[in-house]
Structure formats: C-alpha cells, structure tokens
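Have a look at the structure below, then the notes.
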Amino acid sequence: MPARGIPTLTTFPYEELDKREEDHWSGAAISDDELRALALGGFYSARWDAFHDALLLGPEREHPLGDRKELAIDTLTGAWGITDGTEAQASMEQLLDGMHAPLYAMVHPLVMASINASERDRFGERADRHRAFLRQVGAFRGMDNPEALVRDYDIWSQAIKIGFTEHLARPLPSDIHAWDLARVVAVARMAFTAGYLEADVAWGYLMRALPLAQRKYRNWRQFGDAYLTGWTYWQACEDLAELKNGGVDRRMELLRLWTRPTSPWRRIALNDKGPDQG
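Okay, structure coming up:
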C-alpha cells in the first residue's frame, strides 16, 4: 500500500495519447542545463519524433519529402523564410526579445477587462476606448500598421467569446514568452540540422533561452500552459478557422509531455534537480 499522499506509480494511462512513436533518446552526454534547454522545445521533439537529448533532429528515417536535413531546410524556408545562418540568428534574436509576447501583453489585459466588465458597456464604448488606445500605442511605436493591434484585439476577443480558447488553462496566462522561447530551440535545432549553424552557436542560443524561461515559469506545467496560450493567440490572429480543432490536439500533446514517463519534462525539472511533477 502506498504511503498516504503519495500516488502509486503506474504505466502511462492515456492510450489515445500513446499512438505516436516512443520518445527518442540518443544517450548523448549532456549537462542537466543542456537537457533543460532542449526540453524548452520538447513539444517539437515529440512532434518531429526527434531526439530529446541532442541538437540533431534524429533519428534518421525514410520520409517521402527527404531526410532530416532536407526537411529542416524546407521547414525553415517555408515557415520562417530562413535560408542561411544569418537569417536564423536574426529570427532567434527576435524570439528571445519576444516576438508575439509583447503584443499579447498589450492586447490580452484589455480584452479581459472588456469581457469581465461588471458595469453595463453601452454600445461597446469600452472596446472603442481600447481600440483608440491601441491605435495610439501602435502609432507611438512606429508600427507599419497601427491597426494591427486593433485587429488582434478584436480577433482575440472573438476567439475567447466563441469558445475557441476552451483548451487553455484558466485563468488565462498573462505571459506567453514560452511560445517564443520554445521556437528559439526549434529554429536552432533546424538550423543546425540544415547545416546553417555550428553546434556551439546553436547551443549558445539555447542556453540564452533557458534562464529567461526559468525566471518566468516555476515548472513545466506553467511553461506548457503559456506555450499553448501563445500558439493559440498566434493561430487566432493568423487563421481563426484553423484554431477550432488544432488547440485540442496540441493540448493532448502537452498532456503527453506532462505525464508520459519517458518525456523530457518528467526526466528533469525546469528549475530544480528532480523530475518535474508540477
């Protein structure tokens, strides 16, 4: 009988999440912090069926679109417009500073204030004030299109109201930097696999991302929730129709990372030496 308050260890209990390949580990000799840094991009390792403990997007396997190097090159070009190491580094610098996180930090509190307003908001006056404020912010910051923040505000408000954010933790996270930091790792690994970056340069970016994540999030639970909220915000603003089913799918992938015994998020904690249970 287990001790009171300590759960019995069991096998992975979610068969519907166990249909993907086993987690891949290369056995590389890396430090705990290097593993933590790679684990920031654990979602992508799982999606790509890649090693959790190596920069290279192995293991190699036959694929109709080519080998891992070709897939990395195609993804960097198609999704990021990256064709060399200089462009890869420029994108990672943006992500480290916050590519979508600063926009969310401006838009999200206003949306929630409007949605949760206790007094009667006649004719959408509160939202109109928010839109005017965001236009001023966009103009002050010299944005090419000051209306972009207003568009994000309207879309994010709509996504919440119609239930397209139901897959997210409540209350919604106030910060989504995890979304940008996870993609630092993804871009670094793809750029290394593509031959655009040397290993020491790629590792350098990962090790810059790690302390940023550690300062903002106590554990992988918080990090994952912020990552998924960031993806949801980005996807809503890109194509709201694509969000309806994609969010649930990604939530299931995160559940797999949080609970599967062979997951990197179970092997090492974000901020301490033991397995992350939170």
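For the sequence shown, the residue numbers in full-length UniProt numbering are 1 to 278. No residue lacks a Cβ here, since even glycine has one placed at the ideal position from N, Cα and C. Since we're looking at a predicted model, the values are computed, not measured.
Identity of the residue in the options nearest residue i by Cα
i    : options                : result
M112 : A127, M99, H100        : A127
L212 : T232, L55, W179        : W179
M190 : D152, Y217, A88, S263  : A88
D49  : R68, A269, L270, S31   : R68
I115 : D74, S91, L172         : L172
L103 : W156, G58, R47         : W156
L254 : D272, W234, D225, V201 : D225
M99  : G246, T262, I176       : I176
D154 : R267, D74, L240        : L240
E22  : Y227, N145, L257, E147 : L257
A90  : D200, V187, C237, G163 : V187
G163 : T232, E198, D152       : T232
C237 : T75, D53, L56, R151    : R151
H108 : S174, T83, T75         : S174
K216 : G138, D74, A101        : A101
D53  : R61, I73, E60, A29     : A29
T77  : M252, A194, R266       : A194
Helix, strand or coil at residue i [DSSP, three-state]
i    : result
Q277 : Residue confidence is low: Q277 scores 44 on pLDDT, short of 50, so the model does not pin down where it sits. Its coordinate-derived value is still stated next. Coil, per DSSP.
F51  : strand
H100 : coil
H108 : helix
T262 : coil
I6   : Note on I6: pLDDT 39, under 50, position unreliable in the model; no value is reported.
N271 : coil
M1   : Confidence in M1 is poor, its pLDDT being 39 and thus under 50, which makes the residue's placement too unreliable to answer from.
F12  : Annotation note: pLDDT 41 at F12 (below 50); position unreliable, coordinate value reported separately. The answer is coil: DSSP assigns F12 none of H, G, I, E or B.
Integer-rounded CB distance, given that residue j should sit under 8 Å from residue i
i    : j    : result
W25  : F43  : No, W25 and F43 are not in contact; Cβ-Cβ is about 17 Å, not under 8 Å.
L149 : M106 : 7 Å
G85  : Y196 : 4 Å
A209 : V185 : 6 Å
F71  : A199 : The sequence given here has Leu at residue 71, not Phe. With 8 Å as the limit, L71 and A199 do not qualify as a contact, their Cβ atoms being about 19 Å apart.
E147 : R135 : 7 Å
D32  : I268 : 6 Å
L95  : R183 : 5 Å
**Asked** Taking three-plus beta-carbon pairs below 8 Å as touching, is the region 127-143 in contact with the region 213-225?
**Response** Taking 8 Å as the limit for Cβ pairs, the verdict is that the region 213-225 does not touch the region 127-143.
**Item:** contact_flag[the region 195-213, the region 33-43] where n(CB pairs < 8 Å) is 3 or more
**Value:** The region 195-213, when compared against the region 33-43, does touch it at the 8 Å Cβ threshold.
**Prompt:** Between the region 241-259 and the region 159-167, do three or more beta carbon pairs fall short of 8 Å?
**Reply:** Cβ pair count under 8 Å is three or more, so yes.
**Item:** Those runs of the alpha helix (DSSP H) which lie wholly inside the region 133-173 and span at least 4 residues
**Value:** At a cut-off of 4 residues, the continuous stretches assigned as alpha helix (DSSP H) that sit fully inside the region 133-173 are 147-161.
**Item:** 4-residue-minimum alpha helix (DSSP H) runs that sit fully inside the region 191-266, ordered along the chain
**Value:** If only complete runs of 4 or more residues are kept, the region 191-266 shows the alpha helix (DSSP H) at 199-216, 220-238, 240-259, in order along the chain.
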